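Down below is the structure, laid out as structure tokens.
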Amino acid sequence: MTRQRGRSALRKTLAVVGLALTVAACTPKTPPGPAASAPPGATAQNNAVAGIKVPDAFTPLTVAPISQPTFPFPGTDNKYHLAFDVQLTNSTAIPATLSAVDVVDARDPDKVLATFGGVQLVDPTCNYGNCNRLRQLTQQPSADADIAPQTSRTLLIDFALDKPEQFPKAVMLRLHGTGAAHPGAKDAGPFVTLGYPFNISAGKPRQIGPPLRGNNWVAFNGCCDPGWGHRDAILPVNMKLNNSQRFAIDWMRTDDQGNFYTGDRTRNESYVSFGSPVHAVADGTVIEILDDLEANVPGILPASDPVLAAKLTVENVDGNHIILDLGDGVYAMYAHLDKGSLLVKKGDTVKKGQQIAKLGNTGNSNAPHLHFQLMNGPSLLEADGLPYVIEGFSYQGQVSTEAVWNADNYLSGAFLGAEQLPLPQLRQDQLPLLLATVTFALG
């Protein structure tokens, strides 16, 4: 795990020259969901929504989407979630300060779906949760809500509603703050601006099978709270900002006592996850593999070690891995697999449920775990992350965020505590959220 702001947790950050996918493991809610395929990959230019006209206005802050057109998905909290990111730029010569952001129905802007302000935008005392949504381009939380002339910030937007029909077809952002309120402004004044229709009905979450089998699997770095590695993992790749990991999960398993390892914590074999069979989540075609990287020593994140960091590249940062083309512009990524465990080669076709590899600890990883995500392109770093749902599993409860955040770099101790349910609940077509504990049926 990595350490930030004095805490270690299975909190992941992209490190290594801004391109490293850090993996975690060391420290690291039942409405039915849609089962249709996600749409083919789209370009950011397609985000504007036909038929919605915004009156012309001078806007001191411009908005550019980082996410592609997206859609709500059901989570294990039994709510429907929406998550996307934008870049805010002060294109004027006068400093701007952002005080609040409303997410509104694009066809009925008086209907506010969510509002973010105050500590939700900036809070230096907060490590994770509904805080620090305003970020520097380096992924770090912004120190304040000021956006200097000719500079940019990123904004992480996510919120949940009780029912899918509560979401409109498109949303817009209403920004509140101070800055250049008109083209001739010499000093900062208050502004309220509205704009950029964003399509949130571009498709439905792809339904997939589970990538693993058995009980006590914990969804580290799952959607959607800021402060945990994947949600914040916006990277500059191929001349644009991307976040392929927005809905990614680092799967790590405990024993029935809640321990991630027993015995020597510096040996991969001591970890319950290590060597677990990894399965195809749908029929597909293998388009990329890597299978020659040696396992790391648990407790050491390569990106944090000067010698090991120098060996990390765009090609090996995700370790031994498999990328599957699932069709319809959807790709599945399995990362940090064990050397020599891959049972497929490039060009092979696979069937849903087929074992394709074993879980490992390779690449920029500091403990055995499986990094899994769906994305709208074949590139781990350039693609945009896609929300998805797992067709069936048992929800066991949650692992404490505080316990994980305060854990050591080996995740020592027992983590299945008071937030576990007396009896697991059968769930269908949901995405396990941050630190959800689940059982995937055998067979």
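In mature numbering (1 follows the signal peptide of the UniProt record, and there is no 0), the protein residues as written are -25 to -1, 1 to 418.
All residues carry an ideal CB built from backbone N, CA and C; glycine is no exception.
All of these numbers come straight from a predicted model, not from anything done at the bench.
- Contact check between the stretch 321 to 328 and the stretch 266 to 285: fewer than three CB pairs, one atom from each, fall below 8 Å, which does not count as touching.
- In this structure, residue 240 keeps its C-beta atom at 8 Å or more from the C-beta atom of residue 201.
- Using a C-beta cut-off of 8 Å, the stretch 158 to 172 makes no contact with the stretch 186 to 196, since fewer than three inter-stretch Cβ pairs fall below that distance.
- When secondary structure is reduced to three states using DSSP, residue 263 falls in the strand class.
- DSSP lists 212 as the bridge partner or partners of residue 215.
- Rounded to the nearest angstrom, the gap between the Cα atoms of residue 38 and residue 370 is 38 Å.
- The bridge partners DSSP lists for residue 103 come to none.
- Boundaries of the beta strand (DSSP E) harbouring residue 226: 224 to 228, taken from the DSSP string.
- Annotated three-state conformation of residue 374 is coil, per DSSP.
- Per DSSP, residue 386 lies in no beta strand (DSSP E) segment and is marked neither H nor E.
- Counting along the chain, residue 58 sits inside the beta strand (DSSP E) bounded by residues 55 to 65.
- In this structure, the CA atom of residue 300 is about 37 Å from the CA atom of residue 237.
- Between residue 139 and the set 49, 317 and 235, the nearest pair of CA atoms involves 49.
- In the DSSP assignment, residue 135 falls within the beta strand (DSSP E) that extends over 127 to 136.
- Residue 214 counts as exposed, since fewer than 16 other C-beta atoms from the protein chains shown sit within 10 angstroms of its C-beta.
- For the options 392, 416, 380 and 366, the alpha carbon positioned closest to that of residue 180 is the one of 366.
- Taking 8 Å as the cut-off, the Cβ atoms of residue 361 and residue 349 count as close.
- Per DSSP, the continuous beta strand (DSSP E) segment holding residue 75 begins and ends at 71 to 80.
- Contact between residue 82 and residue 124 is ruled out by a C-beta separation of about 34 Å, above the 8 Å threshold.
- Two segments are said to touch when three or more pairs of C-beta atoms, one from each, lie closer than 8 Å; by this definition the stretch 388 to 408 does not touch the stretch 240 to 258.
- Residue pairing by DSSP places residue 347 opposite 224 and 309 in a beta bridge.
- For residue 169, the enclosing beta strand (DSSP E) covers residues 164 to 174.
- For residue 332, the enclosing beta strand (DSSP E) covers residues 330 to 333.
- Excluding its 5 nearest sequence neighbours in each direction, residue 417 has C-beta neighbours in its own chain below 6 Å: 188, listed in chain order.
- Straight through space, the alpha carbons of residue 68 and residue 309 are spaced by roughly 45 Å.
- Between residue 255 and residue 132, the C-beta spacing is not below 8 Å.
- Residue burial annotation: residue 211 is exposed, with fewer than 16 other C-beta atoms found within 10 angstroms of its C-beta.
- Burial is judged here by how many other beta carbons sit within 10 angstroms of a residue's own beta carbon; residue 87 has fewer than 16 and is exposed.
- In this structure, the beta-carbon distance from residue 413 to residue 347 does not fall below 8 Å.
- The way I'd put it, the stretch 281 to 299 doesn't touch the stretch 217 to 224; fewer than three beta-carbon pairs between them come closer than 8 Å.
- Contact annotation, residue 73 with residue 150: C-beta distance approximately 7 Å; criterion of less than 8 Å satisfied.
- The beta carbon of residue 261 lies closer than 7 Å to those of 297, 299, 319, 320, 321, 322, 323 and 325 in the same chain, with the five residues before and after it left out.
- In this structure, the beta-carbon distance from residue 333 to residue 316 falls below 8 Å.
- Annotation: residue 216 to residue 385 spans about 32 Å, alpha carbon to alpha carbon.
- Residue burial annotation: residue 381 is exposed, with fewer than 16 other C-beta atoms found within 10 angstroms of its C-beta.
- Of all alpha-carbon atoms in 115, 43 and 122, the one lying nearest the alpha-carbon of residue 70 is that of 122.
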